[in-house]
Structure formats: structure tokens, C-alpha cells
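K.L.:
One structure is given below, represented as C-alpha cells, and several questions about it will come after.
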């Protein structure tokens with residue numbers, strides 16, 4: 034499939050299933066079994082700051098920043114349904130944002146050299162043009178502006194629990210490589226009654242693309258949070274996996 038087909042498949046999924054993901058993986062959360070913004074303080078002081086969210090989803094991260102004094106909010110998303118949900122959520126809470134239905138791969142109708150922060154919570158990995166997307170994000174930011182994003186860690190898709198001969202019982206002691214870490218080809222993943230198409234990029238791929246776009250890395254977080262309320266059940270597969278490898282990662286970068 035070419036990039037246009039991949040984007041269309043993923044757009045259709047989000048338009049059809051947006052309500053199932055309402056409010057999930059949004060600030061202060063950065064990812065699954067992962068430290069939150071309350072722990073990391075990556076945004077620091079956002080009072081009166083101009084902020085653009087890439088893949089704003091249901092609007093919960095926009096609302097989080099609005100409630101903390103952000104001065105101007107912009108959000109883009111591929112899905113019309115996601116933007117409808119975001120608009121309603123913000124309106125119900127007395128806030129508004131400049132929302133656009135657009136693809137992050139395209140040149141957005143937003144001001145250049147304007148934003149203090151651009152961020153994306155579990156959204157940037159959907160891009161079919163990582164370098165082009167990072168280049169465009171750099172153009173939207175002011176000098177010394179901050180770009181923060183989180184996504185699935187590549188190891189999460191490469192390593193799985195081994196199973197016993199019954200195939201439904203997980204071996205307590207073994208994690209196995211099921212996919213090469215170096216394989217960055219696209220793959221289909223069944224979700225609900227549909228499917229999505231993703232690319233499992235190496236961490237170095239993100240870092241090198243950021244450098245080429247004119248960013249300097251300030252922080253790379255690959256920690257797991259196995260003490261949170263959602264991880265209280267130590268028999269939970271995701272929690273046990275997070276004790277051994279990162280499920281998510283987050284990068285904070287500054288535009289030079």
C-alpha cells in the first residue's frame with residue numbers, strides 16, 4: 034500500500050471508532066504504564082503560551098493545558114469525528130481552540146515561527162513521512178520552542194511473552210523476540226472490528242530525524258511506571274511486561 038492508502042485506512046478507523054478511545058492516553062498521561070506529566074514536568078510553565086497539538090484526538094490534552102493557563106490553543110487531527118468530540122469537550126468546559134481537520138504530513142494552515150510548544154501524545158507515530166513532519170513542526174515553532182511527543186516503544190512490538198503448549202497460558206520466565214527491531218516496514222494490526230496500519234520505527238530513527246529538522250534533544254524518557262493505580266494488578270500482562278522493558282517513550286526537543 035502507498036502512503037495515501039495507509040492514511041485513508043487509518044482515517045477511516047478513527048472516524049468509526051473515535052468514541053471508544055474518548056479521553057484515553059491524553060495528558061497528564063504520556064503512554065501505557067509510563068510516568069505522567071505530574072512526574073516529568075516536561076512542559077514547565079505554560080502560562081499564556083501558544084500551543085499546537087498534533088493529533089489532538091478527543092481534546093483532553095488541549096483541555097489539560099487550557100486548565101493550566103495556556104494562552105492560545107491549536108489542534109489538528111486526521112479524523113473529523115475526533116475533532117467533533119474535541120470541540121464539544123472544550124465547549125462544555127468553557128474553552129475553545131483553533132481546530133483543523135488536516136494531515137500532519139501536509140503543510141498546515143497555521144502561523145510559522147509562532148508557537149512556544151508543539152506536542153503530540155501518542156500521535157506522531159501515525160505519520161507516513163517522519164522527516165517531513167518534523168521539518169514542518171520545526172517551522173511552526175519559535176526559536177527555542179519546545180517539541181514534546183510520546184509513542185509506542187519499538188521494543189513493545191518486537192518482544193512478547195512466550196506461551197505454554199496450551200497457547201493461552203503465559204510463561205512467567207520468558208520473553209521472546211517475535212520481530213526484528215530493525216524492521217521498519219509497515220504492518221497491519223487488527224483492532225476491534227477493523228484494522229490499522231503502523232510502522233515500528235527505531236528510537237534512533239526518531240532522534241536522527243529530529244536532528245536533521247534542527248532540534249536538539251533535551252530529554253528522552255524510556256521509563257516504566259509499575260506503581261500506578263492501573264498497574265496495581267501485578268498479574269496484568271502489560272504491567273509485567275513493563276517491569277522488563279519500556280512500553281512507551283517520550284522525547285522533549287528544542288528548536289535551535
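In the working numbering, the protein residues as written are 34 to 289.
The beta-carbon is built from N, C-alpha and C at its ideal position, and this holds for glycine as well.
List the endpoints of the continuous alpha helix (DSSP H) containing residue 244.
P.N.:
Reading the chain shown from its first residue, position 211 is the one you call residue 244. Segment 236-245, the alpha helix (DSSP H) holding residue 244.
K.L.:
Since residue 288 is in the alpha helix (DSSP H), which residue starts that stretch and which ends it?
P.N.:
Here residue 288 corresponds to residue number 255 of the chain shown, with the count starting at 1. Looking at the DSSP string, residue 288 is not in any alpha helix (DSSP H); the run it does join, the beta strand (DSSP E), is 281-288.
K.L.:
In the DSSP assignment, the alpha helix (DSSP H) including residue 42 goes from what residue to what residue?
P.N.:
Translated into the one-based positions of the chain shown, residue 42 becomes position 9. Per DSSP, the unbroken alpha helix (DSSP H) holding residue 42 starts and ends at 36-50.
K.L.:
Taking the CB atoms as reference points, tell me whether residue 110 and residue 90 lie closer together than 8 Å.
P.N.:
The residue given as residue 110 occupies position 77 in the chain shown. The residue given as residue 90 occupies position 57 in the chain shown. Closer than 8 Å, so yes.
K.L.:
To the nearest angstrom, how far is it from the Cα of residue 129 to the Cα of residue 139?
P.N.:
In the chain shown, residue 129 corresponds to position 96, counting from 1. In the chain shown, residue 139 corresponds to position 106, counting from 1. The alpha-carbon atoms of residue 129 and residue 139 are separated by roughly 24 Å.
K.L.:
Where does the unbroken beta strand (DSSP E) through residue 177 begin, and where does it stop?
P.N.:
If you number the chain shown from 1, residue 177 lands on position 144. Unbroken beta strand (DSSP E) run through residue 177: 174-185.
K.L.:
May I ask you to report which of helix, strand or coil DSSP gives residue 221?
P.N.:
Your numbering for residue 221 matches position 188 in the chain shown. Reduced to three states, the DSSP call for residue 221 is strand.
K.L.:
Cα separation between residue 255 and residue 142?
P.N.:
Indexing the chain shown from 1 puts residue 255 at position 222. Indexing the chain shown from 1 puts residue 142 at position 109. Taking the straight line joining both Cα atoms gives about 33 Å.
K.L.:
Does the segment 40-51 come within contact of the segment 80-87, defined as at least 3 CB pairs closer than 8 Å?
P.N.:
no
K.L.:
Could you pull the start and end residues of the beta strand (DSSP E) that residue 228 belongs to?
P.N.:
Position 195 of the chain shown, counted from the start, is the residue given in the question as residue 228. Its beta strand (DSSP E) spans residues 227-232.
K.L.:
Can you tell me whether residue 188 is buried or exposed? The criterion is at least 16 other CB atoms within 10 Å of its CB, across all chains shown.
P.N.:
Reading the chain shown from its first residue, position 155 is the one you call residue 188. Residue 188 comes out buried.
K.L.:
In this structure, how does DSSP classify residue 272 when only helix, strand and coil are distinguished?
P.N.:
On the chain shown, position 239 is the one that residue 272 refers to. Of the three classes helix, strand and coil, the one that applies to residue 272 here is helix, per DSSP.
K.L.:
Can you look up residue 103 in the DSSP assignment and give me helix, strand or coil?
P.N.:
Translated into the one-based positions of the chain shown, residue 103 becomes position 70. Residue 103: coil per DSSP, three-state reduction.
K.L.:
Using the rule of at least 16 other Cβ atoms within 10 Å of the residue's Cβ for burial, across every protein chain shown, is residue 93 buried or exposed?
P.N.:
Counted from its first residue, the chain shown places residue 93 at position 60. That one is buried.
K.L.:
Are there 16 or more other CB atoms within 10 angstroms of the CB of residue 223, so buried, or fewer, so exposed?
P.N.:
Counting from 1 along the chain shown, the entry for residue 223 is found at position 190. The residue in question, residue 223, is exposed, as its Cβ has fewer than 16 Cβ neighbours within 10 Å.
K.L.:
Where do the N-terminal and C-terminal ends of the beta strand (DSSP E) with residue 133 fall, by residue?
P.N.:
Taking the chain shown and counting its residues from 1, one reaches residue 133 at position 100. Counting along the chain, the beta strand (DSSP E) containing residue 133 begins and ends at 131-134.
K.L.:
When you compare the CB positions of residue 161 and residue 78, do they come within less than 8 Å of one another, or not?
P.N.:
As a position in the chain shown, residue 161 is number 128, starting the count at 1. As a position in the chain shown, residue 78 is number 45, starting the count at 1. No; because the gap between Cβ atoms is not below 8 Å, this pair is not in contact.
K.L.:
So, helix, strand or coil for residue 193, using DSSP?
P.N.:
Sequence index remark: in the chain shown, residue 193 carries index 160 (1-based). Correct three-state label for residue 193: strand.
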